[in-house]
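A.B. asks:
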Amino acid sequence: MRQNNAIAPKLRFMSARQQVLEVVAARILKTSSPYVLRVAVDGVDGAGKTVFADELAQVLKTSGQDVIRASVDGFHNSRELRYRLGRGSPEGFYRDSYDYDALKRNLLEPLSPGGSGCYRTAVYNVAAETPVTVPERQAAPGAILLLDGIFLHRPELRPYWDVSVWLEVAFSVSIPRGAQRGVGSPDSHAPQNRRYVEGQKLYLVDKMAKIARSTHDADEGPDPHHRLYPLPLPPLQRCRPRRRRRRLHRAPE
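Per the numbering used here, residue 27 is the first one in the sequence shown, and the count goes up by one each step.
1) Identify, in the order they occur along the chain, each residue of the same chain with its Cβ nearer than 8 Å to the Cβ of Arg-269, setting aside the five sequence neighbours on each side.
2) Under a Cβ-count criterion, where at least 16 other Cβ atoms within 10 Å of its own Cβ denotes burial, should Pro-250 be classed as buried or exposed?
3) Assuming Ala-148 and Gly-100 make a contact with CB atoms under 8 Å, what is their CB distance in whole Å?
4) Would DSSP call Gln-218 helix, strand or coil?
5) What are the residues that DSSP puts in a beta bridge with His-179?
6) Around the C-beta of Glu-48, are 16 or more other C-beta atoms found within 10 angstroms, so that it is buried, or is it exposed?
7) Counting along the chain, where does the alpha helix (DSSP H) carrying Asp-80 start and finish?
8) Need the endpoints of the beta strand (DSSP E) that Asp-174 sits in, please.
9) What residue does the alpha helix (DSSP H) around Ala-52 start on, and which one ends it?
10) Would you mind working out which of Tyr-126, Arg-203, Ala-165 and Val-93 sits nearest Ser-104, comparing C-alpha positions?
11) Could you pull the DSSP bridge partners for Ile-201 from this structure?
12) Along the chain, where does the beta strand (DSSP E) containing Arg-64 start, and where does it finish?
13) Assuming Glu-194 is part of the beta strand (DSSP E), what are its boundary residues?
14) Between the C-alpha atoms of Leu-183 and Leu-171, what's the straight-line distance to the nearest angstrom?
15) What is the rounded straight-line gap between the Cα of Lys-75 and the Cα of Val-85?
16) Could you tell me whether the Cβ atoms of Asp-188 and Ser-59 are closer together than 8 Å?
17) In the DSSP assignment, find the unbroken alpha helix (DSSP H) run with Ala-128 in it and report its ends.
18) Specify whether the segment 146-166 and the segment 127-134 touch according to this definition: at least 3 beta carbon pairs, one from each stretch, less than 8 Å apart.
19) Provide the residue(s) that pair with Thr-156 in DSSP beta bridges, ordered along the chain.
20) With distance defined between alpha-carbon atoms, name the residue in Gln-91, Lys-87 and Gly-69 nearest to Pro-167.
21) For chain C, is any of its Cβ atoms less than 8 Å away from the one on Pro-136?
22) Let me know if His-179 comes out buried or exposed under the rule of 16 or more other beta-carbons within 10 Å of its beta-carbon.
23) Pull up the distance between the alpha-carbon of Asp-122 and that of Tyr-109, whole angstroms please.
24) Quick check on DSSP: helix, strand or coil for Tyr-229?
25) Alpha carbon to alpha carbon, what distance is there between Val-70 and Phe-197?
26) Sort Ala-169, His-102 and Pro-181 by Cα distance to Ala-153 and report the nearest one.
Encoded structure:
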């Protein structure tokens, strides 16, 4: 693992997992912003994104940072929209699982440069299949948004991120994890998992998703089954709400 010299001494006394969290936190803290710094923790379902993001938030808070924690799971579409292409549709899983307009309107745009700073972290409770109204909050200048979830580097979301973390996990590991939560079969090739596996493959071959997964440096992740890729995004691809959007540079094929 490549380490920052400033934090290397204290890393010697930490577990491997804590070392990774400290290194990633240090990289995030080096990405300064006078506004809210927007960090995406992405990866396939079952990669360990929520646990990793929760632990990363605690490390950042220990450094005195104001952290806004949220998950894309708070922005599901209704059941009718999620399954409009059929309950087994991979395309439906990728295209229709989440209400991205609501995510942008309630969370990402308010926390972007030029935004109001007044945000909400959820609009829908998927377990209860009902809309929710959470209190609106005001972000402090210099706060860090830490959002976890699948599909966070779709073309319409990628311009919002200042820093991206990708957790790389094979389906042979992530699918059994999902089954432990009561979702599908532990066999990644089982028919009932086709919607989820093939839907995520649609995302993984998406051109913009490939860009998000490129990396200047790869570290061993906090889980023995995955690699972790911290990636500061180019400034030209940051979101500028309420202004004319500049054309993104096309990445080489």
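Beta carbons: idealized from backbone N, C-alpha and C, even for Gly.
Here the structure is a predicted model, which means the values were calculated and not measured.
C.D. replies: Per the coordinate set shown:
1) Sequence index remark: in the sequence shown, residue 269 carries index 243 (1-based). At Arg-269, the pLDDT of 42 sits below 50, so the modelled position is not reliable; the number obtained from the coordinates is stated separately. The answer, listed in chain order, is Gly-140.
2) Mapped onto the sequence shown, residue 250 falls at position 224. Note that Pro-250 has pLDDT 48, beneath the 50 cutoff, so the model's placement of it is unreliable and no number is given.
3) As a working note, residue 148 is residue 122 in the sequence shown. As a working note, residue 100 is residue 74 in the sequence shown. Contact flag correct, Cβ pair sits at about 3 Å.
4) Residue 218 sits at position 192 when you count from the first residue of the sequence shown. It is helical.
5) Working through the sequence shown from its first residue, we reach residue 179 at position 153. None; His-179 has no bridge partner.
6) What you label residue 48 is simply residue 22 of the sequence shown in a count that begins at 1. Per the 10 Å Cβ criterion, buried.
7) Here residue 80 is taken as the residue at index 54 of the sequence shown, counted from 1. Element bounds for Asp-80: 75-88.
8) Counting from 1 along the sequence shown, the entry for residue 174 is found at position 148. Per DSSP, Asp-174 is one residue of the beta strand (DSSP E) stretching across 170-174.
9) If you number the sequence shown from 1, residue 52 lands on position 26. Segment 42-56, the alpha helix (DSSP H) holding Ala-52.
10) Indexing the sequence shown from 1 puts residue 104 at position 78. With respect to the C-alpha of Ser-104, the residue from Tyr-126, Arg-203, Ala-165 and Val-93 having the closest C-alpha is Tyr-126.
11) Here residue 201 refers to the residue found at position 175 of the sequence shown. Its beta-bridge partners do not exist; DSSP assigns none.
12) Counting from 1 along the sequence shown, the entry for residue 64 is found at position 38. It spans 63-69 - the beta strand (DSSP E) in which Arg-64 sits, taken as one unbroken run.
13) Walking along the sequence shown from the start, residue 194 turns up at place 168. It spans 189-195 - the beta strand (DSSP E) in which Glu-194 sits, taken as one unbroken run.
14) Start at 1 with the first residue of the sequence shown, and residue 183 comes out as number 157. Start at 1 with the first residue of the sequence shown, and residue 171 comes out as number 145. Using only the alpha carbons, I get a separation of about 14 Å.
15) Mapped onto the sequence shown, residue 75 falls at position 49. Mapped onto the sequence shown, residue 85 falls at position 59. Cα to Cα, Lys-75 sits roughly 15 Å from Val-85.
16) In the sequence shown, counting from the first residue as 1, residue 188 sits at position 162. In the sequence shown, counting from the first residue as 1, residue 59 sits at position 33. Taking 8 Å as the Cβ cut-off, Asp-188 and Ser-59 qualify as a contacting pair.
17) For this step, residue 128 is matched to residue 102 along the sequence shown. From DSSP, the alpha helix (DSSP H) with Ala-128 extends over 126-129.
18) A contact exists between the segment 146-166 and the segment 127-134.
19) Taking the sequence shown and counting its residues from 1, the one referred to as residue 156 is at position 130. DSSP, once it has assigned bridges, lists Asn-151 as partnering Thr-156.
20) Numbered from 1 along the sequence shown, position 141 holds the residue referred to as residue 167. Here the closest residue by C-alpha is Gln-91.
21) Structure shown: chain C not included; a single protein chain is present.
22) For this step, residue 179 is matched to residue 153 along the sequence shown. Buried.
23) Locating residue 122 in the sequence shown gives position 96, where the first residue counts as 1. Locating residue 109 in the sequence shown gives position 83, where the first residue counts as 1. Distance between the alpha carbons of Asp-122 and Tyr-109 is about 8 Å.
24) Counted from its first residue, the sequence shown places residue 229 at position 203. Here Tyr-229 sits in helix by DSSP.
25) What you label residue 197 is simply residue 171 of the sequence shown in a count that begins at 1. What you label residue 70 is simply residue 44 of the sequence shown in a count that begins at 1. Their backbone Cα atoms lie some 8 Å apart in a straight line.
26) Start at 1 with the first residue of the sequence shown, and residue 153 comes out as number 127. If we check each option's Cα against that of Ala-153, His-102 comes out closest.
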